[in-house]
Each structure stands twice: as C-alpha cells, then as structure tokens.
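Colleague:
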Amino acid sequence: MAANTVTPVLPAPAGPAAPPGPDASAAAPADATPKLGLPLPVLHATVLDWYEANARDLPWRTPDASPWAVMVSEFMLQQTPVKRVLPVWETWLERWPTPADLAAEAPGEAVRMWGRLGYPRRALRLHGAAVAITEKHGGEVPDDHATLLSLPGVGEYTAAAVASFAFGQRHVVLDTNVRRVFARAVTGAEYPAQATTAAERRTATALLPAAERTAATWAVAVMELGALVCTARGPECGDCPLFTSCAWQRAGRPPYEGPARRGQTYEGTDRQVRGKLLAVLREAHDEVPQARLDAVWPDAVQRARALDGLVADGLVEPVEQGVYRLPR
DNA sequence: GAAGCGTGGCC
DNA sequence: TGGCCAAGCTT
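Position in the first sequence counted from 1, then plus 830, gives you my numbering.
1) On the DSSP bridge assignment, give the partners of V1153 in chain order.
2) Classify P869 as helix, strand or coil using the three-state DSSP reduction.
3) Less than 8 angstroms separating the beta-carbons of H940 and A953?
4) For P1089, collect the residues of the same chain with a Cβ closer than 8 angstroms to its Cβ; drop the 5 residues on either side in sequence, then sort them by chain order.
5) As a quick exercise: from H1001, A1019, E1020, pick the residue whose alpha carbon is nearest that of A1036.
6) Could you check the C-alpha separation between A996 and A1046 for me, to the nearest Å?
7) Counting along the chain, where does the alpha helix (DSSP H) carrying R1010 start and finish?
8) Should the region 914-926 be called in touch with the region 941-951, which here means at least 3 C-beta pairs below 8 angstroms?
9) Tell me whether G1056 is buried or exposed, calling it buried when 16 or more other Cβ atoms sit within 10 Å of its Cβ.
10) Let's see if you can read the secondary structure: which residues bound the alpha helix (DSSP H) around Y987?
11) If we call anything under 8 angstroms between Cβ atoms a contact, is A1077 one with R1032?
12) In or out: D853 buried (at least 16 other Cβ within 10 Å) or exposed?
13) Tell me whether V918, by its Cβ, gets closer than 7 angstroms to a heavy atom of the ligand COA.
14) Using the beta-carbon count (16 or more within 10 Å), is Y1159 buried or exposed?
15) Which residues in the same chain have their Cβ closer than 7 angstroms to the Cβ of D861, if we skip the five residues on either side of it in sequence?
16) Verify whether the separation of the beta carbon atoms of V1016 and E904 is less than 8 angstroms.
17) For G1152, collect the residues of the same chain with a Cβ closer than 7 angstroms to its Cβ; drop the 5 residues on either side in sequence, then sort them by chain order.
18) Cβ of V1003 within 8 angstroms of Cβ of A1019?
19) Quick one: Cα of W880 to Cα of R886, how far?
20) Could you check the C-alpha separation between P1071 and E882 for me, to the nearest Å?
21) Which of helix, strand or coil does DSSP assign to A854?
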C-alpha cells in the first residue's frame, strides 16, 4: 500500500533549542523552504507517505463519493468535529443523494435534518446552494473555484476544498489545520495569527506541489496531519513526520506570544437562546405556539430579540400572530 | 476587520 | 470546573 519510492532525507537533528539563525535560510538550497530546510520533493514525500499510512477512513474520501457528497461534508465540517458530522452526513445523503433532491424540499426540512450540528444557518445555505446548483448549473456541482465561490455558504476555503477533493484540482486549501501546521513547521510559532495573512497564503502557495493530483492529495494530507498529530492542544510531536525539521520544534517549542485568542462565550448569550428556540421548532413537526417558545428562556426582551434574529435570518417563519414554524 | 453565529467534548 | 477548540462564512 505504502509505495515508498522516496526515502526522506531529513537534516541531522539539531539541538532541541537550536535557534533558526537568519543564515539558515540563506544557506539553504534554492528549492528548500525557509526555516523548514527541506527540499520540496522531500517534504512532499514525507507528508504524503505519512498520509498514506495514517489517513482516517472517512466516507467522503472514498472514490465513489460524489462531488455533492464532498460538498455536504465540507458544509458540515465548518467549525464542527468529524465525529459529530459522520452520522448526520450519512442520513443527509440517504435522503438527498443529489442537489436536486434537496432543492425540492422546503428549507425548513434542511434545518430540521441538520439536528444539533450547530450553526444552523449552514443548513439554510446548503439548501440555497442546492437550489442554485439545480437551477443554474444543470444539477451538477460546479467544478471551478469561481463558480463554487458564488454559491451561498461557500467561501474561499470551501471552494478550494471542493475543487481539490471532489475534482482533484490544484488549489491552496487553507483551513485552521493547515494554518497551524505551517505556523509551527515553517514559521516556528505555536499558533497562527487570528486572521489569515498574505504571508500564510504565500507560504501555502510556495509549498503546493506542482502536479495537479499530487497537490490535491497534499492538501488533504496536511489537513489530516493538523487534525491528528499537529493538534491545537497536546500535539503528538513524537509521532510527527516533520519532527526533526519542524521550525517550532527546533526552536524549543516557544509558547504562543500574540494577542489573546478570542474566546467564545456562550452561556447567557443570544446565541444560546437562539439555539433553544430553534431546538423547539426542530422537534415540533408543525407550527409552534408562542407559549412553547416562551418556556425556553425567562428574559422576554432577550427572547424576543433572539426570535427576531432567527426570523431575519430565515431560520424561522412567522405563520400568524404568535405562531411560528421552520421555513417552507 | 471584527463581531456574530451552535453545540459538545476534552484536559 | 470551565476555558478552549472544532475542515468558516457573512455582514
């Protein structure tokens, strides 16, 4: 299975705290990555071999996964762990195997099927994407980045991911995993900046293999490395194929220094109230009287604000005075 | 560019 | 325990 044609030649292990002096990159061969010090072909082979041996067996990665199946997985995986996505993805594709199947349904059905995955606007956007694909793209998931980007809920990352994973194209796929791997291995920082920077994009572009299919596998392989080994907390550096060349490791794993990363408060927020309101509407299979919604939160002002927000977002539909339902 | 947007698991 | 984090997008 692991057709190892290239034996990675890693640089001699440096001391644990060897500072990457400015001369390190200057002395490196022209095709070596700054600080990482590995020739690109060696870097690629190292990560691709690791991926071949360690990749998870995820259903949207099988050869028979349709572009639509890949797109659904990408929507669901936005800010959501794989483990929680798996069962919903299965039932979703059983019920709506093609974009047209979903497009034929009421948007509220998508919101209901979304269950407790979180960020239910994604369900609405996925439904909207299915409608657009059905009405404007012949029912086929577009295979080019720009068209993908025009779909609701599809941003830079998702467009690149679908083009790469579903169609085998060469794109910079920059998600939180990839950003962290590069921050550590290349830049020597424990965490990337809060927002994606032009420098990160340049790094990712410079490291992308030239060959289309190789680039596509590289993209998913780096993501997988970030998800399984180079994790945000408690990275398993002993299992990392880049251990000896990683800039962060070679610098002695200095702690993160940047501005405090924004925490997500939840308890007592409108977000929590929206979640409780929508849960009632999801579980009811029909219209819901105001009283049932009033029961979920004591603060009437905040409750009304949350409900208004849901209506404004199209997640909830007012039927008549004091009666609500998921959108049809 | 920052803020808002769900939910659950982990250390 | 509770802050932090999880394959982002939109406004």
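Just so it is clear, CB atoms sit at the ideal spot from N, CA and C, and this is done for glycine as well.
Modeller: Quick look at the numbers:
1) As a position in the first sequence, residue 1153 is number 323, starting the count at 1. In the DSSP output, where bridge partners are listed per residue, V1153 has P1119, E1150.
2) Numbered from its first residue, the first sequence carries residue 869 at position 39. P869 falls in the strand class under three-state DSSP.
3) Counting from 1 along the first sequence, the entry for residue 940 is found at position 110. Counting from 1 along the first sequence, the entry for residue 953 is found at position 123. First, the residue type needs correcting, since residue 940 is Ala and not His in the sequence shown. Against a cut-off of 8 angstroms, the Cβ pair of A953 and A940 comes out as a contact.
4) Within the first sequence, numbered from 1, the residue matching residue 1089 stands at position 259. Once the five neighbours on either side are set aside, the close Cβ partners of P1089 are Q1024.
5) In the first sequence, residue 1036 corresponds to position 206, counting from 1. Of the listed residues, the one whose Cα sits closest to A1036 is H1001.
6) In the first sequence, residue 996 corresponds to position 166, counting from 1. In the first sequence, residue 1046 corresponds to position 216, counting from 1. A996 and A1046: Cα-Cα distance of roughly 9 angstroms.
7) Here residue 1010 is taken as the residue at index 180 of the first sequence, counted from 1. It spans 1006-1012 - the alpha helix (DSSP H) in which R1010 sits, taken as one unbroken run.
8) yes
9) Numbered from its first residue, the first sequence carries residue 1056 at position 226. Buried.
10) The residue you call residue 987 lines up with position 157 of the first sequence. Start and end: 986-995.
11) Working through the first sequence from its first residue, we reach residue 1077 at position 247. Working through the first sequence from its first residue, we reach residue 1032 at position 202. In this structure, R1032 does not lie closer than 8 angstroms to A1077 by Cβ.
12) Taking the first residue of the first sequence as 1, we reach residue 853 at position 23. Note on D853: pLDDT 30, under 50, position unreliable in the model; no value is reported.
13) Absent from the structure shown: the ligand COA. Ligands present: none.
14) Residue 1159 cannot be examined here, being either before or after the span of the chain that is shown, 831 to 1158.
15) Walking along the first sequence from the start, residue 861 turns up at place 31. With a pLDDT of only 48 at D861, under 50, the local geometry of the prediction cannot be trusted, and the value read off the model is given with reservation. Around D861: P869, L870.
16) Locating residue 1016 in the first sequence gives position 186, counting from the first residue. Locating residue 904 in the first sequence gives position 74, counting from the first residue. Not in contact: V1016 and E904 (Cβ atoms no closer than 8 angstroms).
17) Numbered from 1 along the first sequence, position 322 holds the residue referred to as residue 1152. Excluding positions up to five away in sequence, the list reads P1119, Q1120.
18) By 1-based counting over the first sequence, the position of residue 1003 is 173. By 1-based counting over the first sequence, the position of residue 1019 is 189. No, Cβ-Cβ distance for V1003 and A1019 is not below 8 angstroms.
19) Indexing the first sequence from 1 puts residue 880 at position 50. Indexing the first sequence from 1 puts residue 886 at position 56. Near 12 angstroms, if we compare the C-alpha coordinates of R886 and W880.
20) Here residue 1071 refers to the residue found at position 241 of the first sequence. Here residue 882 refers to the residue found at position 52 of the first sequence. Taking the straight line joining both Cα atoms gives about 12 angstroms.
21) As a first step, residue 854 is located in the first sequence; it is residue number 24 there, counting from the start. Note that A854 scores 33 on pLDDT, short of 50, meaning its location in the model is unreliable and no value can be drawn from it.
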